[in-house]
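Here the sequence shown stands for residues 1 to 209, where the numbers follow UniProt numbering. The beta carbon of each residue, even a glycine, is placed where N, CA and C say it ideally should be. What you are looking at is a predicted structure, and each value in this text was computed from that prediction instead of being measured. Reviewing the structure listed below.
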Amino acid sequence: MNDQYPSRSEKRLKRKKTNRILNTAIVVVIILIILVAFSIFSGGNDDETSKKTSDEPKTSQHETASVNNKDKQESKQEKHTKKEKKEKKKEEKKEKVIVEQGGGPNVEETIKDPNWEPVATQQSGEHVSSFDTNSVDWKEKVKALSYATGIPEDSMTVWFISGQGPDKAIGTVSPKGRKDDAYRVYIEWVDGKGWKPVQVEKLMHNDKG
1 MNDQYPSRSE KRLKRKKTNR ILNTAIVVVI ILIILVAFSI FSGGNDDETS
51 KKTSDEPKTS QHETASVNNK DKQESKQEKH TKKEKKEKKK EEKKEKVIVE
101 QGGGPNVEET IKDPNWEPVA TQQSGEHVSS FDTNSVDWKE KVKALSYATG
151 IPEDSMTVWF ISGQGPDKAI GTVSPKGRKD DAYRVYIEWV DGKGWKPVQV
201 EKLMHNDKG
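Written out as C-alpha cells, the structure reads:
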C-alpha cells in the first residue's frame with residue numbers, strides 16, 4: 001500500500017519542484033517582456049532622433065533659401081530704386097523746351113529743345129558734308145531731321161536738304177501723305193559726335209512741296 005501511493009512528504013517535494021519551475025518560467029517571461037519593451041522604445045527613440053536629424057538639414061536649407069530669396073528681392077528692389085532715382089535726376093536736369101509763336105514768314109511756331117543731342121555718327125576723320133542720297137552723311141542728316149521732329153524715318157517725306165556752310169544744314173520734312181504738315185529743321189555738325197538739331201520751325205504751308 002505504501003509502495004503504490006506516494007507519501008505526503010513526496011507530494012510536498014513534487015509540489016515545490018513544480019512551483020519552482022513555474023516561478024522560473026514566469027521570471028523568464030517577465031525578463032523577455034522587459035527586453036522586448038526596451039527594444040521597442042529604444043528603436044522608437046532612434047527613429048525619432050534619426051528623423052529629427054534628417055529634418056534639421058531640410059530646415060536649414062529652407063532657411064538658407066529664404067535668406068537668399070530675401071537678399072535677391074532686396075537687391076532687385078535696391079537696383080529698381082537706384083534706377084528710379086537716376087531717371088528722376090535725369091528728368092530734373094532736363095531743360096524746358098522753348099516754343100515761340102511765329103519767327104519768320106510762313107512760320108507758325110519755332111521750337112528749340114536744349115536737351116537735343118547729336119545723332120550718333122559712323123563717320124571718322126575730317127567731316128565733309130555730303131548731299132549724295134546714298135552717302136552715310138546724308139543718311140545721318142535724315143536721322144537728325146527725324147529725331148528733331150519725332151517723325152519716324154519710314155513715315156517721313158524729305159522734301160529738301162541744303163547746306164548752310166560746311167557744318168550746317170537745313171531740311172524740310174513732313175509725315176507721309178500730309179505734305180502741308182511740314183517742318184523746317186536746322187541742324188549742325190558736332191565733331192566726333194554727329195548732326196545735332198538746333199531749331200525746328202512748324203510751317204504754315206509746305207514751301208518745298
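Go through the UniProt domain "DUF1510" (112-203) residue by residue and report every complete run of the beta strand (DSSP E) that reaches 3 residues or more, in order.
156-163, 168-175, 183-190 and 194-203
So which of Pro114, Arg15, Ile33 and Lys141 has the shortest CA-CA distance to histidine 127?
Lys141
Using three-state DSSP, classify valine 67 as helix, strand or coil.
helix
In terms of DSSP beta bridges, what is glutamate 109 paired with?
Gln101 and Lys202
Expressed to the nearest angstrom, what Euclidean distance is found between the alpha-carbon atoms of tyrosine 183 and glutamate 87?
30 Å
Would you be able to state if there are at least three C-beta pairs under 8 Å between the region 161-173 and the region 72-87?
no
Counting beta carbon pairs with one atom in the region 139-153 and one in the region 186-202, are three or more of them shorter than 8 Å?
yes
Helix, strand or coil for lysine 94 per DSSP?
coil
To the nearest angstrom, how far is the alpha carbon of methionine 1 from that of serine 7?
Below a pLDDT of 50, predicted positions are generally treated as unreliable, and methionine 1, at 46, falls in that range; no measurement from the model is reported.
Would you call aspartate 191 buried or exposed, if buried means 16 or more other Cβ atoms sit within 10 Å of its Cβ?
exposed
Nonlocal neighbours in the same chain, by C-beta distance under 6 Å from isoleucine 187, ignoring five residues either side:
Ala144, Ala169, Trp195 and Pro197
Tell whether a beta-carbon distance below 9 Å holds between asparagine 115 and lysine 139.
no
Tell me the rounded alpha-carbon separation between aspartate 137 and tryptophan 189.
10 Å
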